[in-house]
Amino acid sequence: MRVLLLRHGQTDLNVQKRLQGSSDIPLNERGRQQARETKQFLDRLGIKVTRIISSPLERAIETGSLATGISMSQIETDDNLIEMAFGVCEQRNMGEEDPGFLHQCFDTPADYIPPEGGESYDEVVARAGAVVERVRGMISSGDFSEEDVLLLVSHGALSHGLFEYVKKTPREAYWDVDFNNCAIAELFLSADGKSDDYRFVSEGFEKNW
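The sequence shown begins at 0 in numbering that gives the first Met the number 0 and counts up by one.
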């Protein structure tokens, strides 16, 4: 079987450089088009997704549906896939309001102190790890056939948390790779977790927050 990770499509807050976090912001029309083009991309590769586990936020569920043709009502959700919470900073353009906050958050993540109501990187990576271990357990329990393709649909910061957990990279490297809107990565999960890995399948579209 295969395990793929997809980031949701573009939203208006992406374009406006506002922190979305756990706020339930819908896709914009560009984001929906990105998801439709992702379906065409998967079709060209002959990849047919058989099951989706998504963040419960609308932008992720709709992306998963448009990218696969699976109806939104058939998509399973997992709260651990929700985006990193930024608390009182959500839906704000912190680049204009407090550039120092953004520098600490994205340039020196090892030193990041979350705002009121926000999550730490340790908490986000712990949630990401819970997703990985859930999927690993499902595989070992025989929940999937060899032909199955599981698609996880999530967000930028949470996806980077998955990458850190899988590769055991240092916190300083959290943002060293780009994972743009509708980018796809394939996760390779070993039985004992000692040789987990990932690779990028698609770079997605224009770089957004």
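All C-beta atoms, glycine included, are put in the ideal place defined by N, C-alpha and C.
Treat the numbers as computed from the prediction; the structure is a model and nothing was measured.
Can you grab the Cα-Cα spacing for the pair Glu75 / Ser53, in whole Å? Going by the C-alpha atoms only, they are around 6 angstroms apart.
Please give the ranges of any beta strand (DSSP E) in the stretch 176-202, keeping only runs that are unbroken, at least 3 residues long and fully inside the region. Within the stretch 176-202, the runs of beta strand (DSSP E) at least 3 residues long that lie entirely inside it are, in chain order, 183-187, 196-201.
Can you grab the Cα-Cα spacing for the pair Asp175 / Asp78, in whole Å? Rounded to whole angstroms, Asp175 to Asp78 spans 25 angstroms at the Cα level.
In angstroms with no decimal places, state the Cα-to-Cα distance between Ser140 and Glu146. Spanning the two alpha carbons is a distance of roughly 16 angstroms.
Count the CB pairs spanning the stretch 47-64 and the stretch 29-37 that are closer than 8 angstroms, and state whether there are at least three. Touching, yes, given that three or more Cβ pairs across the two stretches are closer than 8 angstroms.
Considering only the beta carbon of each residue, do Gly136 and Ala84 sit closer than 8 angstroms? Between Gly136 and Ala84, the C-beta spacing is not below 8 angstroms.
Going by C-alpha distance, which of Phe143, Gln9, Thr37, Gln19 is nearest Cys88? Ranking the options by Cα distance to Cys88, first place goes to Gln19.
Have a look at Val14 and Phe187 and give me their C-alpha separation to the nearest angstrom. Taking the straight line from one Cα to the other gives about 32 angstroms.
Check for me: the beta strand (DSSP E) holding Val87 runs from which residue to which? Neither: Val87 is in no beta strand (DSSP E) and is coded neither H nor E.
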